[in-house]
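Heads up, the thing below is written out as structure tokens.
In the UniProt record's numbering, the protein residues as written are 1 to 143.
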């Protein structure tokens with residue numbers, strides 16, 4: 001059976017069902033996020049004792065987590081590039097976290113496995129700077 005345009009009804013139904021499927025969006029896509037909103041909602045419901053959440057709470061949490069991860073990846077990528085490496089390793093994440101004041105404050109009690117330590121020499125261990133050179137002191141004694 002064909003319609004006015006000469007296409008069969010079956011092909012029209014198939015095209016209509018494909019259009020419906022393509023228009024379906026999950027909550028993450030609607031919010032424009034990568035992190036899974038529905039999974040975060042489930043985690044929040046399991047963690048919360050009263051089990052009541054607004055619909056925007058998991059979306060907000062997903063957006064905040066996505067922002068933090070993007071910020072951390074950018075800083076770790078910069079540290080990786082500074083060391084002329086191509087892969088981000090735990091060491092680069094450690095350097096990124098500890099060199100950024102705000103993220104360091106947020107993650108102060110977090111230990112990153114295989115992250116190493118932050119390089120730094122205490123000022124009292126550094127050699128004292130000389131105010132005059134040996135030759136300058138010798139020249140002033142002759143005069």
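Positions of the beta carbon are idealized from the N, C-alpha and C atoms, including for glycine.
Bear in mind the structure is a predicted one, so any value in this text is a computation, not a measurement.
The region 76-84 and the region 38-49 do not touch, with fewer than three beta-carbon pairs separated by less than 8 Å. With fewer than 16 neighbouring CB atoms inside 10 Å of its own CB, residue 119 falls in the exposed class. Two segments are said to touch when three or more pairs of C-beta atoms, one from each, lie closer than 8 Å; by this definition the region 48-64 does not touch the region 79-98.
Nearest to residue 116 by alpha-carbon distance, out of 128, 70, 36, 98, is 98. Burial of residue 28 is indicated by the presence of at least 16 other C-beta atoms within 10 angstroms of its C-beta.
DSSP places residue 46 inside the alpha helix (DSSP H), whose first and last residues are 37-47. In the DSSP assignment, residue 112 falls outside any alpha helix (DSSP H), carrying neither H nor E.
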